[in-house]
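Okay, structure first, notes after.
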Amino acid sequence: MTGKGREIADMMERRKVDMLCVQETKWKGSKARNIRGEFKLFYYGVDVKRNGVGVILKEEYSKSVVEAKKVFDTVMNMKLEVEGMVINVISAYAPQVSCEMEEKEKFWSELDEVVDGVPRNERLVIGADFNGHVGEGNRGDQEVMGRYGLKERNVEGQMVVDFAKRMKMAVVNRYFKKKEDHRVTYKSGERCTQVDYVLCRRCNLKEIRDCNVLAGDSVG
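Right, dumping it as structure tokens:
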């Protein structure tokens with residue numbers, strides 16, 4: 001974990017990233033630890049064979065953390081208080097496309113429960129690998145997303161949209177016009193996809209100034 005953590009911290013410092021939701025960590029245990037003395041990692045994993053989740057933030061902001069807890073195996077919630085505002089940051093990892101539908105439905109039910117538990121007067125941001133393609137365009141879905149996406153929607157992408165609708169969330173990635181390189185969240189050879197998304201409550205969408213993929217960095 002130490003080498004991988006330092007690699008991520010180096011990227012965050014270079015790119016001036018203050019907070020990062022991470023998935024597929026494969027780090028065992030539930031801990032909070034410093035990385036290089038400049039960043040703090042909060043992570044949760046059942047064992048090294050399962051995919052854990054975590055949040056990394058600059059050390060100076062760790063003093064703002066009110067609570068960081070694993071709610072389910074692939075969902076964690078960090079609550080911060082910043083300038084009198086309470087902000088919930090959820091890091092989540094959805095089952096892969098090849099997984100059974102029962103496992104996928106269980107994940108979404110658990111995420112519903114977590115979001116339902118966040119008071120309406122608190123801010124909420126989700127940074128997740130949803131393993132789904134929401135696709136291009138927003139016909140019929142204008143209430144939850146803009147039209148800037150990639151490729152065609154699949155079943156897993158529809159689950160993201162359905163979740164956003166019932167939880168009154170907005171898929172932030174979709175509202176900002178970007179070149180394709182700054183929309184792609186996963187690239188392997190010629191295969192480019194968008195499976196990682198940032199969501200916020202629709203009522204707070206106006207507070208988001210931009211959403212952009214930092215192309216060129218990959219920590220595997």
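Residue 71 in the UniProt record's numbering sits at position 71 of the sequence shown; the count goes up by one each step and never skips.
No residue lacks a Cβ here, since even glycine has one placed at the ideal position from N, Cα and C.
For clarity, every value in this text was computed on a predicted model and none was experimentally measured.
Once DSSP output is grouped into helix, strand and coil, what is the label at residue i?
i, result
"ASP18", "coil"
"LEU150", "coil"
"VAL171", "strand"
"LEU205", "helix"
"ASP210", "coil"
"LYS187", "strand"
"LYS4", "helix"
"ALA215", "coil"
"GLU13", "helix"
Span of the beta strand (DSSP E) holding residue i?
i, result
"LYS70", "65 to 72"
Spatial neighbours of residue i within its chain, please: CB distance less than 6 Å, with the 5 preceding and 5 following residues excluded, ordered by chain position.
i, result
"ALA164", "VAL144 and VAL171"
"TYR148", "ARG174 and LYS177"
"PHE107", "ALA94 and PRO95"
"MET76", "TYR44, VAL53, LYS70 and SER91"
If you draw a straight line from the alpha carbon of residue i to that of residue j, how long is it in whole angstroms?
i, j, result
"VAL134", "ASP141", "11 Å"
"ILE208", "VAL17", "16 Å"
"LYS178", "ILE35", "32 Å"
"CYS99", "VAL161", "19 Å"
"LEU150", "GLY127", "18 Å"
"ASP112", "PRO95", "15 Å"
"GLU180", "GLY189", "15 Å"
"SER24", "GLU81", "Reading the sequence as shown, one finds Glu at residue 24 and not Ser. Straight-line Cα distance between these residues: approximately 27 Å."
"ASP129", "PHE42", "17 Å"
"ALA9", "ALA32", "15 Å"
"ASN131", "VAL55", "19 Å"
"GLU13", "TYR197", "22 Å"
"ARG15", "GLY157", "29 Å"
"ARG191", "THR185", "11 Å"
"LYS79", "ARG201", "16 Å"
"ILE90", "LEU124", "8 Å"
"VAL115", "GLY137", "26 Å"
"GLU102", "ASN121", "33 Å"
Which residues share a DSSP beta bridge with residue i?
i, result
"ALA32", "PHE42"
"THR193", "TYR186"
"GLY54", "VAL22 and TYR43"
"VAL198", "GLY127"
"residue 309", "Outside the modelled stretch of the chain, which goes from 1 to 220, sits residue 309, for which no answer is possible."
Tell me which residue opens and which closes the alpha helix (DSSP H) that residue i is part of.
i, result
"residue 293", "Since the displayed the chain opens at 1 and closes at 220, residue 293 lies outside it and no answer follows."
"GLU180", "Neither: GLU180 is in no alpha helix (DSSP H) and is coded neither H nor E."
"residue 301", "Since the first residue of the chain shown is 1 and the last is 220, residue 301 is not available in this structure."
"MET76", "Note, MET76: premise wrong, no alpha helix (DSSP H); beta strand (DSSP E) at 75 to 82."
"MET101", "101 to 116"
"SER91", "Per DSSP, SER91 belongs to no alpha helix (DSSP H); it is in the beta strand (DSSP E), 85 to 93."
"GLU60", "59 to 62"
Given residue i, which residues of its chain have a CB within under 8 Å of its CB, disregarding the five upstream and five downstream residues?
i, result
"GLU59", "ASN34, GLY37, GLU38, PHE39 and LYS40"
"ASP210", "PHE176"
"ARG6", "ILE35 and ARG36"
Who are the Cβ neighbours of residue i in its own chain at under 7 Å, not counting the five residues just before and after it?
i, result
"HIS182", "ASN212, VAL213 and ALA215"
"MET1", "With a pLDDT of 49 at MET1, under the threshold of 50, the modelled position of this residue cannot be trusted; read the value that follows with caution. TRP27."
"ARG153", "HIS133, VAL134 and GLY135"
"SER62", "LYS40"
"GLY45", "THR25, LYS26, TRP27, LYS28, GLY29 and GLY52"
"LYS168", "ARG201 and ARG202"
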